[in-house]
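Have a look at the structure below, then the notes.
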C-alpha cells in the first residue's frame, strides 16, 4: 500500500511498499523550479481521500498543511494523482503572516506565528476542516472548511478568544461531514484547553469540555470522541460517547 510521512524540515515522504522504502514526495527543487516548492519547513498534517479503486487508478487525493520557513505563511499542498504531482492551494486562506510574538498580543499564537497545525476530513471527503493558530477579525488564524477536497477554503464562525488549535476531527457517523469537534488553548492566560463541537459545519459552536493538558482529539468509527493529554507528567485519555457536554469521563 501507499503511505505518506510528513514532518518538520524535510517535507513529505512517500512509500509504495507499506513502508519498506521511502522517497521524497515533494522534492527540494526550490521556489523557481517547475513545481515551485522549497520543502524546508513544517508539514504538520496529511490526509488521504479516495476509494481503493481510485488509488489503484492513480487518482487518490492527498491534502497536507504546510508552513515553509521562507515566509511561514500557511498553505495547503494538494495532490489529485496519488502523490505524483502537487499544487499549492491558497484560495480562501490567509495571505499574510499573523505575528503574535509580542507579549500580550491579542493574536498570540503558538511560537508567535499562525501555523496550520490541525487538519481533518470526513472519510467520504464531503467536508475538510483546517485549523490555523491565532486569530484576527479580518485576516489570519481560525477554523476553515472545504467542500471540494481541499481545493478552496472558507472561514467558519468563531469567537476571538480561540488561539491555538491542537486537534480537530470529523464525526464519521454523520455523512454530511457537518459534525466536527476541536480542542484549543490560549497561549496566554487562561491556558486551560477547551473542546468545542459544531453540528452545522462551523456556523455555530458549543463548548463541551474544559480540562488541563489536552493535546489532540479524534472520533472513532462509532462516533465516540477521545482526547489525549497529560495529568502532571502522566499520559491521560478522556472519552465521550458523542462529544456532547456532560458526557465526558477520564
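In this note's numbering, the protein residues as written are 217 to 466.
A virtual CB, placed ideally from N, CA and C, is assigned to each residue, including glycine.
Model, not experiment: these values are computed from the prediction.
Original post:
Given a threshold of 16 other Cβ atoms within 10 Å of its Cβ, counted over all protein chains shown, does residue 446 qualify as buried or as exposed?
Top reply: As a working mapping, residue 446 is identified with position 230 in the chain shown. Exposed, since its Cβ has fewer than 16 Cβ neighbours within 10 Å.
Original post:
With 16 as the cutoff for other CB atoms within 10 Å, does residue 247 come out buried or exposed?
Top reply: Within the chain shown, residue 247 is the residue found at index 31, counting from 1. Caution is warranted here: a pLDDT of 48 is assigned to residue 247, below 50, making its placement in the model unreliable, and the coordinate value is therefore given only provisionally. Residue 247 counts as exposed, since fewer than 16 other beta carbons sit within 10 angstroms of its beta carbon.
Original post:
Looking only at DSSP bridge pairs, what is residue 258 linked to?
Top reply: As a first step, residue 258 must be located in the chain shown, where it is residue number 42. The partner list for residue 258 (beta bridge, DSSP) reads 224, 283.
Subject >> Opening and closing residue of the alpha helix (DSSP H) in which residue 300 lies >> reply: As a working mapping, residue 300 is identified with position 84 in the chain shown. Per DSSP, residue 300 belongs to no alpha helix (DSSP H) and is neither H nor E.
**OP:** Determine the burial state of residue 417: buried for a count of at least 16 other Cβ atoms within 10 Å of its Cβ, exposed for fewer.
**Re:** As a working mapping, residue 417 is identified with position 201 in the chain shown. Classification for residue 417: buried.
Original post:
Do residue 454 and residue 443 have their C-beta atoms within less than 7 Å of each other?
Top reply: As a position in the chain shown, residue 454 is number 238, starting the count at 1. As a position in the chain shown, residue 443 is number 227, starting the count at 1. Taking 7 Å as the Cβ cut-off, residue 454 and residue 443 qualify as a contacting pair.
Original post:
In the DSSP assignment, what are the bridge partners of residue 362?
Top reply: Here the question's residue 362 lines up with position 146 in the chain shown. Per DSSP, 344.
Original post:
Is residue 286 buried or exposed, if buried means 16 or more other CB atoms sit within 10 Å of its CB?
Top reply: Along the chain shown, one-based indexing puts residue 286 at 70. Classification of residue 286: exposed, given that the 10 Å Cβ count is below 16.
Original post:
Can you list, in chain order, the residues of its chain whose CB lies under 8 Å from that of residue 420, leaving out five sequence neighbours each side?
Top reply: Locating residue 420 in the chain shown gives position 204, where the first residue counts as 1. Annotation for residue 420: 373, 414 place their beta carbon closer than 8 Å to its own, counting only its chain and skipping 5 residues before and after.
Subject >> As assigned by DSSP and simplified to three states, the class of residue 271 >> reply: If you number the chain shown from 1, residue 271 lands on position 55. DSSP places residue 271 in helix when its eight states are reduced to three.
Original post:
Going by other Cβ atoms of all chains shown within 10 Å of its Cβ, with 16 needed for buried, is residue 239 buried or exposed?
Top reply: Start at 1 with the first residue of the chain shown, and residue 239 comes out as number 23. The residue is exposed, with fewer than 16 neighbouring Cβ atoms inside 10 Å.
Original post:
Going by beta carbon distance, what residues of the same chain come within less than 6 Å of residue 278, once the five residues before and after it are set aside?
Top reply: For the purposes of this step, residue 278 is taken as the residue at position 62 of the chain shown. The beta carbon of residue 278 is closer than 6 Å to those of 264, 295, 299 in its chain, skipping five residues each way along the sequence.
Subject >> residue 278 - DSSP class collapsed to helix/strand/coil >> reply: In the chain shown, residue 278 corresponds to position 62, counting from 1. Three-state result, residue 278: strand.
Original post:
Less than 7 Å separating the beta-carbons of residue 395 and residue 430?
Top reply: In the chain shown, residue 395 corresponds to position 179, counting from 1. In the chain shown, residue 430 corresponds to position 214, counting from 1. Contact check for residue 395 against residue 430 fails: the beta carbons are separated by 7 Å or more.
Subject >> C-beta contact flag for residue 349 and residue 386 at 7 Å >> reply: Within the chain shown, residue 349 is the residue found at index 133, counting from 1. Within the chain shown, residue 386 is the residue found at index 170, counting from 1. It is not a contact, given that the beta carbons lie outside the stated cut-off.
Original post:
Is the CB-CB distance between residue 212 and residue 227 below 7 Å?
Top reply: No statement about residue 212 is possible, as the shown extent of the chain runs from 217 to 466 and does not include it.
**OP:** Indicate whether residue 467 and residue 261 have their beta-carbon atoms separated by less than 7 Å.
**Re:** Since the displayed the chain opens at 217 and closes at 466, residue 467 lies outside it and no answer follows.
**OP:** Can you grab the Cα-Cα spacing for the pair residue 439 / residue 390, in whole Å?
**Re:** Position 223 of the chain shown, counting from 1, holds the residue named residue 439. Position 174 of the chain shown, counting from 1, holds the residue named residue 390. So the two alpha carbons sit approximately 8 Å from each other.
Original post:
Three-state secondary structure (DSSP) at residue 290?
Top reply: Along the chain shown, one-based indexing puts residue 290 at 74. Of the three classes helix, strand and coil, the one that applies to residue 290 here is strand, per DSSP.
Original post:
When the Cα atoms are used, what is the spatial distance from residue 412 to residue 458?
Top reply: As a working note, residue 412 is residue 196 in the chain shown. As a working note, residue 458 is residue 242 in the chain shown. Inter-residue distance for residue 412 and residue 458 is about 12 Å (C-alpha atoms, whole angstroms).
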